[in-house]
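Written out below as structure tokens is the structure these notes cover.
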Amino acid sequence: MTEDCLKLTTYFGERHRIDGHFLADAQVDLFGRHGVAGSILLRGAEGFGLKHHLRSDRLLSLSEDLPVVSVAIDTRPRVEAVLEELRTVQQTGLVTLERARMLRGEIGPVALPEDLHEATKMTLYIGRRDRVGRVPTFIAVCDLLHRHGVAGATVLLGVDGTVRGERRRARFVGRNAGVPLMVIGVGDHAAVAAALPRLAALLPQPLVTLERVQLCKRDGARLAVPAAPPGPDPTGLAVFQKLSVHLGERARRDGRPLHEALVRGLRAAGAAGATTLRGVWGFHGDHAPHGDVFWQLGRRVPVLCVTVDTPAATLRAFEVIDALTDATGLVTCELVPAFRATAGNADVGGLALAAPPRAG
Amino acid sequence: MNPAVWVGVVLIGGCGAVLRFLVDGAVSARLGRSFPYGTLIVNLSGAAVLGFLTGLALAPEEALLAGTAAVGSYTTFSTWMFETQRLGEDRQVRHLVANLAVSLLAGVALAAAGRWAGAHL
Numbered sequence: 106m107t108e109d110c111l112k113l114t115t116y117f118g119e120r121h122r123i124d125g126h127f128l129a130d131a132q133v134d135l136f137g138r139h140g141v142a143g144s145i146l147l148r149g150a151e152g153f154g155l156k157h158h159l160r161s162d163r164l165l166s167l168s169e170d171l172p173v174v175s176v177a178i179d180t181r182p183r184v185e186a187v188l189e190e191l192r193t194v195q196q197t198g199l200v201t202l203e204r205a206r207m208l209r210g211e212i213g214p215v216a217l218p219e220d221l222h223e224a225t226k227m228t229l230y231i232g233r234r235d236r237v238g239r240v241p242t243f244i245a246v247c248d249l250l251h252r253h254g255v256a257g258a259t260v261l262l263g264v265d266g267t268v269r270g271e272r273r274r275a276r277f278v279g280r281n282a283g284v285p286l287m288v289i290g291v292g293d294h295a296a297v298a299a300a301l302p303r304l305a306a307l308l309p310q311p312l313v314t315l316e317r318v319q320l321c322k323r324d325g326a327r328l329a330v331p332a333a334p335p336g337p338d339p340t341g342l343a344v345f346q347k348l349s350v351h352l353g354e355r356a357r358r359d360g361r362p363l364h365e366a367l368v369r370g371l372r373a374a375g376a377a378g379a380t381t382l383r384g385v386w387g388f389h390g391d392h393a394p395h396g397d398v399f400w401q402l403g404r405r406v407p408v409l410c411v412t413v414d415t416p417a418a419t420l421r422a423f424e425v426i427d428a429l430t431d432a433t434g435l436v437t438c439e440l441v442p443a444f445r446a447t448a449g450n451a452d453v454g455g456l457a458l459a460a461p462p463r464a465g
Numbered sequence: 005m006n007p008a009v010w011v012g013v014v015l016i017g018g019c020g021a022v023l024r025f026l027v028d029g030a031v032s033a034r035l036g037r038s039f040p041y042g043t044l045i046v047n048l049s050g051a052a053v054l055g056f057l058t059g060l061a062l063a064p065e066e067a068l069l070a071g072t073a074a075v076g077s078y079t080t081f082s083t084w085m086f087e088t089q090r091l092g093e094d095r096q097v098r099h100l101v102a103n104l105a106v107s108l109l110a111g112v113a114l115a116a117a118g119r120w121a122g123a124h125l
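Here the protein sequences line up with chains A and B, keeping their order. Sequence positions in the first sequence follow the working numbering and run 106 to 465. Sequence positions in the second sequence follow the working numbering and run 5 to 125.
Dropping the structure here:
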């Protein structure tokens, strides 16, 4: 079954409270009450927002109030109902809406017509301990995507969320088997379309979203500069853009982690915000999927850095990213038709959805 | 032992922990984010103060309140170890070695200096 859906993504601080409750909790409660098809709460490793306060898990004393990201996907009416309620509680952070195609249950052959120059981002929502035979599902899925020539995939572990409308929250004690986990794969249409039926054969009731992306860089090679969106939509609503950089924890820049250099560079360039998420498994270039191993000093997990901004600022951010990712990293760009960032008295953008651009 | 002393340990211990939080935060905010200066300053200053208090040769209950309660809750071994391990994860081997060596050598030296100062006051 294929449906048009909306993806609601929010970025804020994990200590942010609403009426004595954590906003993160209040949000997932809200998703649970509305029976949202898929939602996930992710803890960030580093980031900053409109106020440019940098948070990082590197030092214990600076690791309070780390960034968190929540993602909720469902049909447009349901996401709009969630958003209506969310507006009344969320007074700070960034809220974005993106269009996606949602596949659930039986997945047939997927036709991906659209502009052949563009690529596809596939996001799969599964449980933390789901297995295919004896192999964790996320590892089996990364192998599958890698075999089909998909450009990269990153597995992000959630701490809370909803799976098919049911609340699944990680507990301090327990296996937390059903807590959601997301696999984000990006690559050419053809590669993703070829992998999807195999994926559907592996998993009993998959929940997948498909979105259009532009591949900008891979392994240091520049494939394209972020394409300028076609300006404001006919009613004058602004369109924003999201840059994602998939890289590895091992990547260095002047002896420091590359993802740290990216966040610092974006902050120095005046970006509206940036968030780093540490994955558990994945690949982002011409190499086998990787993650932490039992006996190690340095970590080997994949890392995902995300920044959302106006098209002009996105071009500036891309220059910063381009200069730093001269040897490694998978960089993608997506359209964000609704964006609202709030911090103190600053309030940028709005949550009315801009019309989709015409292809071609 | 007097119950008032125990209450004192609880209250002074709490104050020590809050003081560490403030000092660590202020130092980390000023001295950059790549090396755990906050924890280093907290532990070194704590070592000097504990040395000084020992040099003063206080009465047992005063020593308990000032040493174990105040300095004990102010300094932190666990954060020092944790941040050293995080430097390893980030492959910052020089910072890792420096964090261990400077804490140990300067810590012992400052404890000795504090003790000498306390004894000669």
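In this text, a Cβ means the ideal position worked out from N, Cα and C, and glycines have one as well.
Output the distance between the C-alpha atoms of B/L104 and B/G118, rounded to the nearest integer angstrom.
-> 21 Å
Residues bridged to A/W386 by DSSP?
-> A/V260, A/G396
Give me the Cβ distance between B/G29 and B/G12, rounded to the nearest whole Å; I'm assuming they're in contact under 8 Å.
-> Going by Cβ atoms, the distance from B/G29 to B/G12 rounds to 26 Å, so no, they are not a contact pair.
Can you tell which of A/V425, A/L304, A/V441, A/A205 has the C-alpha that lies nearest to the C-alpha of A/I244?
-> A/L304
Where A/P461 falls: helix, strand or coil (DSSP) | coil
Rounded C-alpha distance that separates A/L113 from B/V53 | 53 Å
From what residue to what residue does the alpha helix (DSSP H) around B/G17 run?
-> 7-34
Output, in chain order, the set of chain A residues within a Cβ distance shorter than 7 Å of B/S32.
-> L164, S166, L167
Paired residues, beta bridge with A/G319 - DSSP | Position check: residue 319 of chain A holds Gln in this sequence, whereas Gly was assumed. The partner list for A/Q319 (beta bridge, DSSP) reads A/C438.
Just the C-alpha distance for B/S77 and A/V413, rounded to the nearest angstrom, thanks.
-> 42 Å
Shortest alpha-carbon distance to A/E271 belongs to which of A/C247, A/D248, A/I231?
-> A/I231
Could you name the residues of the segment 386-413 of chain A whose beta carbon sits closer than 8 Å to any beta carbon of chain B, in the order they occur along the chain?
-> L402, G403, R404
For the alpha helix (DSSP H) that contains B/P64, what are its first and last residues?
-> 64-67
So, using beta-carbon positions, are A/V194 and A/I123 closer together than 8 Å?
-> yes
Could you please give the first and the last residue of the uninterrupted alpha helix (DSSP H) stretch that includes A/L304?
-> 294-307
Ends of the alpha helix (DSSP H) at A/D248?
-> 242-252
DSSP three-state call for A/E151: helix, strand or coil?
-> strand
Taking C-beta to C-beta, are A/R181 and A/L171 nearer than 8 Å?
-> no
Residues that B/R164 contacts on chain A, provided the C-beta gap is smaller than 7 Å | A question about residue 164 of chain B goes unanswered here, because the residues of chain B that appear run from 5 up to 125.
Out of A/V344, A/I426, A/V436, which has the shortest C-alpha to C-alpha gap to A/A373?
-> A/I426
Counting Cβ pairs closer than 8 Å, one from the segment 403-421 of chain A and one from the segment 356-374 of chain A, do we hit at least three?
-> yes
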